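Peer 1:
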Amino acid sequence: MSPLDRKLLRDLRRMKAQVIAIGAVIATGVLLQVMMSGLVASLTETRRAYYERNRLAEVFAPLTRAPEAELARIAAIPGVARAEGRIAGAALIDMPDEAVPLQARALSLPDRSERGLNAVYMISGALPDPAARDEALLIEGFAKAHGLGPGDRLTVTLNGARRVLRIAGTAQAPDMLYTAVPGEMMPDAARFAVLWMPRAALAAAYDMDGAFNETLVTLARGASEQAVIDRIDAILRPWGGTGAYGRDQLVSDRFVTEEINGLRTMSRVMPPIFLAVAAFILYIVVSRMVQSEREEIGLLKAFGYTGAEVGAHYFKLVMIIAIGGALAGCLGGIASGRAMIGVYTTFYNFPFLVFRPDPAAFATGVAASVLAASAGGLFVLRRVFRLAPAEAMRPPAPGDFSRSIRLDGPVGRRLDQPTRMVLRGLSRQPLRAAALAAGIAAGMALSAGMTTIYTSFDRVMEMNFSVVDRSDATVLFTHPLSERAAFSLARIPGVLQVEPMRDVPAILRNGRLSHRGAITGMPAAPEMTRAIDADQRPIPLPAEGVVLGEALADVLQVRAGDMLRIEVTNGRQPVLEVPVTQVARTLLGAPAYMRIDSLNRAMREPGLISGLHVRVDAAQADAIWLSLKDMPAVAGVSVAEDMQASLQKLMDQGAGSARYIMGAIAFIITFGIVFNAARIAYDERAHDLASLRVMGFTRAEAAFVLLGELGLITLASLPVGSLAGYGLAQAIAEGFSTELYQIPAGYDPFSHGFAALFIVGAALVSGWLIKRDLDRADLVLALKTRE
100 MSPLDRKLLR
110 DLRRMKAQVI
120 AIGAVIATGV
130 LLQVMMSGLV
140 ASLTETRRAY
150 YERNRLAEVF
160 APLTRAPEAE
170 LARIAAIPGV
180 ARAEGRIAGA
190 ALIDMPDEAV
200 PLQARALSLP
210 DRSERGLNAV
220 YMISGALPDP
230 AARDEALLIE
240 GFAKAHGLGP
250 GDRLTVTLNG
260 ARRVLRIAGT
270 AQAPDMLYTA
280 VPGEMMPDAA
290 RFAVLWMPRA
300 ALAAAYDMDG
310 AFNETLVTLA
320 RGASEQAVID
330 RIDAILRPWG
340 GTGAYGRDQL
350 VSDRFVTEEI
360 NGLRTMSRVM
370 PPIFLAVAAF
380 ILYIVVSRMV
390 QSEREEIGLL
400 KAFGYTGAEV
410 GAHYFKLVMI
420 IAIGGALAGC
430 LGGIASGRAM
440 IGVYTTFYNF
450 PFLVFRPDPA
460 AFATGVAASV
470 LAASAGGLFV
480 LRRVFRLAPA
490 EAMRPPAPGD
500 FSRSIRLDGP
510 VGRRLDQPTR
520 MVLRGLSRQP
530 LRAAALAAGI
540 AAGMALSAGM
550 TTIYTSFDRV
560 MEMNFSVVDR
570 SDATVLFTHP
580 LSERAAFSLA
590 RIPGVLQVEP
600 MRDVPAILRN
610 GRLSHRGAIT
620 GMPAAPEMTR
630 AIDADQRPIP
640 LPAEGVVLGE
650 ALADVLQVRA
660 GDMLRIEVTN
670 GRQPVLEVPV
680 TQVARTLLGA
690 PAYMRIDSLN
700 RAMREPGLIS
710 GLHVRVDAAQ
720 ADAIWLSLKD
730 MPAVAGVSVA
740 EDMQASLQKL
750 MDQGAGSARY
760 IMGAIAFIIT
770 FGIVFNAARI
780 AYDERAHDLA
790 SLRVMGFTRA
800 EAAFVLLGEL
810 GLITLASLPV
820 GSLAGYGLAQ
830 AIAEGFSTEL
840 YQIPAGYDPF
850 SHGFAALFIV
860 GAALVSGWLI
870 KRDLDRADLV
880 LALKTRE
């Protein structure tokens with residue numbers, strides 16, 4: 100082993116705390132890179148394989164009812180590889196332990212001899228007997244949530260008729276990766292089910308013998324999806340077609356895609372931040388080493404070592420930290436990815452989902468770590484190459500302290516000697532103080548940014564369920580009813596208030612941009628579910644025009660005053676040209692609001708409603724839900740408490756749980772940054788502090804000279820870090836936000852105050868550790884010249 104390598108090992112032992120802290124910052128950046136890139140690759144590849152094996156359709160075309168002969172016309176469209184028809188209908192499941200009827204979607208199964216599109220993936224049991232009228236497959240998530248399995252029985256209402264079905268088996272399907280209660284955005288396996296039944300049985304239940312009400316299509320290679328959709332719409336329009344759409348508009352696929360895009364964005368935003376911080380700290384540490392080891396560098400060069408050899412010695416130190424941190428990050432990324440993949444299997448109905456690290460992420464992470472560390476080290480190593488032996492062996496020239504702060508005034512004369520030393524030290528070496536402040540500000544930014552994201556998730560809950568939606572439940576009907584239904588429901592004992600609404604499926608267009616969703620009709624001044632502005636004031640709905648949610652306005656790239664084309668996809672299917680009157684502040688979904696009377700007038704269906712928002716007496720709520728079970732016109736009831744619990748679960752255990760990992764990492768790294776800053780300051784001043792002790796300063800006074808300076812720098816860095824944390828929170832919120840929910844990231848005093856307290860606490864702990872080392876220091880050894 101060469102002498103320089105032995106010195107390297109001694110340096111690593113001496114600096115082990117700083118080496119670990121810097122390596123942890125690098126490991127964090129690589130961990131996030133490996134974890135998030137691996138999640139993106141795993142979700143993308145698993146989705147592709149699942150779609151391919153189970154033959155997910157590429158075009159979907161819902162309609163009212165069409166004879167099966169129409170399928171031949173669709174199959175003959177140029178570009179269509181295969182066309183199938185199936186039966187789909189809404190259903191209700193009566194569970195003994197549930198007060199409200201649970202909504203379900205019933206789908207037909209093809210004959211066993213056919214390899215149909217959207218094939219189910221069997222989890223347990225067997226396919227139903229094609230001749231059976233009382234057997235069904237049940238989606239795995241619902242079965243697991245209620246402890247059901249093959250052989251159990253369900254009481255189901257199909258098309259208004261109550262039946263008892265035997266569960267033949269449990270399954271999943273590629274078009275049901277994400278299942279949410281109709282009218283809600285949050286997935287909840289316990290409150291929404293999917294049933295698959297033999298085609299003959301379902302046709303009899305929904306009066307669909309020899310007919311279908313949904314078309315599934317796959318495309319030939321090179322076919323134009325839009326051209327095929329246009330031809331399908333032309334064929335199915337007389338049969339109540341509500342508009343064909345591509346796979347990318349399938350609700351299930353759209354939400355999985357949003358999640359993948361969010362992960363991809365975060366994998367590009369967060370790792371560079373941590374690696375930049377690591378590069379900066381390495382720059383400070385190596386710079387301090389070179390400055391303090393000037394004489395050793397001069398001696399090494401005098402004994403014949405070249406500048407390249409000495410520089411390579413310090414570069415090895417940088418590389419050991421970088422590569423060690425990168426390898427630890429790779430291992431941590433695999434472990435974190437495997438933990439996170441279990442979260443996605445809970446909320447997305449993948450039958451198989453295994454974390455598969457992306458090899459490119461390892462290469463990118465390690466290469467980025469080495470480059471970032473090299474960038475931090477090479478700036479300093481230039482001094483090693485330029486340093487001549489004779490110059491290096493002389494003490495550095497005294498600094499120019501002529502511009503230091505003057506303390507001969509009335510205030511200065513009242514300060515004790517240690518305090519004046521602190522102030523002079525800061526004024527004489529502003530660059531050193533600025534470097535330490537920048538490191539601590541980076542820690543403040545990380546803590547403030549992640550704490551803001553924590554509270555922003557809570558703001559989503561509070562704003563949606565306390566400000567926007569103030570109802571206790573939403574009652575949906577099987578079909579639009581007269582407004583008299585509202586009066587009938589209002590007479591149920593315990594119902595305090597009802598508010599009518601109407602949801603109409605539509606395609607909203609602005610030039611080439613489009614969004615498939617719904618127009619929600621509400622009263623002119625709704626009280627329970629409202630559109631609000633940025634100041635959380637309710638927006639009265641105009642007699643003409645539409646109010647869009649922020650997410651939808653961004654998708655369509657429209658603002659207040661722009662014209663919007665609305666193509667209604669049911670009933671008479673009118674096409675409306677309406678102005679966007681205002682953009683509402685929304686954090687969940689992408690709503691579009693109109694006056695209910697204006698919407699009904701455009702539909703030429705006056706006085707119709709599709710549901711009600713209700714407020715009820717909490718003491719009588721269970722009795723009200725039980726009475727709604729017996730109303731054949733009620734398609735389902737969404738209770739606000741259940742929706743809130745589903746959203747909270749998604750944010751705590753689902754995709755939002757990534758914030759906990761990132762938050763924990765941010766606080767650990769912040770402590771490492773603050774400790775590093777304190778340790779660097781101590782190492783730079785160790786000789787001076789020992790001199791003070793020899794001159795008669797007490798341990799407390801000597802420690803005050805160092806820690807007082809660190810305290811002032813810490814306090815000065817908090818405002819800068821807070822400002823940077825605000826920008827970081829904006830970037831993180833944009834990465835987390837999807838069409839499912841938008842994360843607000845405004846300035847939150849609590850978050851920044853908490854982050855500041857954490858920084859101060861980290862500085863106090865670091866100061867205590869440094870004070871302990873200072874008290875234990877060997878004064879004779881500290882004053883000796885190192886050789």
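The working numbering applies: residue 100 is where the sequence shown begins, and numbers increase by one. Cβ coordinates follow ideal geometry from the N, Cα and C atoms, glycine included. These figures come from a predicted structure and were not determined experimentally.
Only counting the same chain, and skipping five residues up and downstream in sequence, which positions put a Cβ closer than 6 Å to that of Met560?
Peer 2: none
Peer 1: Kindly give me the distance between the Cβ atoms of Asp696 and Gly593, rounded to whole angstroms, as I take these residues to be in contact under 8 Å.
Peer 2: At roughly 29 Å, the Cβ-Cβ gap does not stay under 8 Å, so Asp696 and Gly593 are not in contact.
Peer 1: From what residue to what residue does the beta strand (DSSP E) around Glu598 run?
Peer 2: 594-609
Peer 1: Give a yes or no on contact between the region 425-440 and the region 193-208, applying the rule of three or more CB pairs nearer than 8 Å.
Peer 2: no
Peer 1: According to the Cβ coordinates, are Ser709 and Phe564 closer than 8 Å?
Peer 2: Not in contact: Ser709 and Phe564 (Cβ atoms no closer than 8 Å).
Peer 1: Of the residues Tyr305, Arg601, Val469, Arg608, which one's Cα is nearest the Cα of Tyr692?
Peer 2: With distances taken between Cα atoms, Tyr692 lies closest to Arg601.
Peer 1: Count the other CB atoms within 10 Å of the CB of Gly771; is the residue buried (16 or more) or exposed (fewer)?
Peer 2: buried
Peer 1: Within 8 Å, do at least three Cβ pairs link the region 679-694 to the region 722-730?
Peer 2: The region 722-730, when compared against the region 679-694, does not touch it at the 8 Å Cβ threshold.
Peer 1: Judging by CA-CA distance, which residue of Ala182, Val773, Met135, Ala659 is the nearest neighbour of Leu863?
Peer 2: Val773
Peer 1: Of all the options Gln841, Leu814, Arg146, which has the alpha carbon lying nearest to the alpha carbon of Pro450?
Peer 2: Looking from the CA of Pro450, the closest CA among Gln841, Leu814, Arg146 belongs to Arg146.
Peer 1: The alpha helix (DSSP H) spanning Thr127 covers which residue range?
Peer 2: Here the alpha helix (DSSP H) through Thr127 covers 115-152.
Peer 1: Return helix, strand or coil for Pro161, following the three-state DSSP convention.
Peer 2: strand
Peer 1: In the DSSP assignment, find the unbroken alpha helix (DSSP H) run with Met627 in it and report its ends.
Peer 2: Segment: none, Met627 is in no alpha helix (DSSP H) and carries neither H nor E.
Peer 1: Just the C-alpha distance for Thr628 and Ala589, rounded to the nearest angstrom, thanks.
Peer 2: Taking the straight line joining both Cα atoms gives about 17 Å.
Peer 1: In chain order, what residues of the same chain lie with their CB nearer than 8 Å to the CB of Ala434, ignoring the 5 residues before and after it?
Peer 2: If we look at Ala434 and ignore the five residues flanking it on each side, it has no Cβ neighbours.
Peer 1: Just to confirm before moving on: does the CB-CB distance between Ser737 and Thr573 stay below 8 Å?
Peer 2: yes
Peer 1: Cβ atoms of Met275 and Ser351: under 8 Å apart, would you say?
Peer 2: Yes, Cβ-Cβ distance for Ser351 and Met275 is below 8 Å.
Peer 1: Quick one: give me the first and last residue of the beta strand (DSSP E) that Ser323 is part of.
Peer 2: Element bounds for Ser323: n/a, residue is neither H nor E.
Peer 1: Go through its chain and collect everything with a Cβ distance to Ile779's Cβ below 8 Å, but skip five positions before and after it.
Peer 2: Taken in chain order, the residues that qualify are Gln117, Ile383, Val384, Arg387, Leu535.
Peer 1: Where do the ends of the alpha helix (DSSP H) carrying Asp274 lie?
Peer 2: That residue, Asp274, is in no alpha helix (DSSP H); it is neither H nor E in DSSP.
Peer 1: For Arg204, which of Leu257, Ala289, Phe379 has the nearest alpha-carbon?
Peer 2: Leu257
Peer 1: Do you know whose CA, among Asp847, Glu392, Gly866, Ala471, lies nearest Gly128's CA?
Peer 2: Ala471
Peer 1: Does DSSP put Glu643 in a helix, in a strand, or in coil?
Peer 2: coil
Peer 1: Could you compute how far the alpha carbon of Ile767 sits from the alpha carbon of Pro370?
Peer 2: Straight through space, the alpha carbons of Pro370 and Ile767 are spaced by roughly 15 Å.
Peer 1: What do you reckon, are the CB atoms on Ala828 and Thr551 nearer than 8 Å?
Peer 2: yes
Peer 1: Can you name the start and end residues of the alpha helix (DSSP H) that Glu197 belongs to?
Peer 2: Glu197 -> no alpha helix (DSSP H), and no H or E assigned at all.
Peer 1: Is Gly122 near Gly423, with beta carbons less than 8 Å apart?
Peer 2: yes
Peer 1: Considering only their Cβ atoms, is the gap separating Ile192 from Leu253 smaller than 8 Å?
Peer 2: yes
Peer 1: In whole angstroms, give me the CA-to-CA distance for Arg52 and Leu208.
Peer 2: The requested residue 52 is not part of the displayed model; the chain covers only 100 to 886.
Peer 1: Return the residue from the list Pro604, Thr797, Gln681 that minimises the CA-CA distance to Tyr344.
Peer 2: Pro604
Peer 1: Can you tell me where the beta strand (DSSP E) holding Arg897 begins and where it ends?
Peer 2: Outside the displayed span of the chain (100 to 886) sits residue 897, for which this structure offers no information.
Peer 1: Just how far apart, CA to CA, sit Gly339 and Val316?
Peer 2: 18 Å
Peer 1: Quick test of your reading: Pro843 and Arg558, contact by CB under 8 Å. State the CB separation rounded to the nearest angstrom.
Peer 2: 6 Å
Peer 1: Does the Cβ-Cβ distance between Leu138 and Ile440 come in under 8 Å?
Peer 2: yes
Peer 1: If we ignore side chains and look at the alpha-carbon of each, how far apart do Ala225 and Gly268 end up?
Peer 2: 5 Å
Peer 1: Closest to Ala801 by C-alpha separation, out of Ala319, Arg105, Gln516, would be which residue?
Peer 2: Closest in C-alpha terms to Ala801, from the list Ala319, Arg105, Gln516, comes Gln516.
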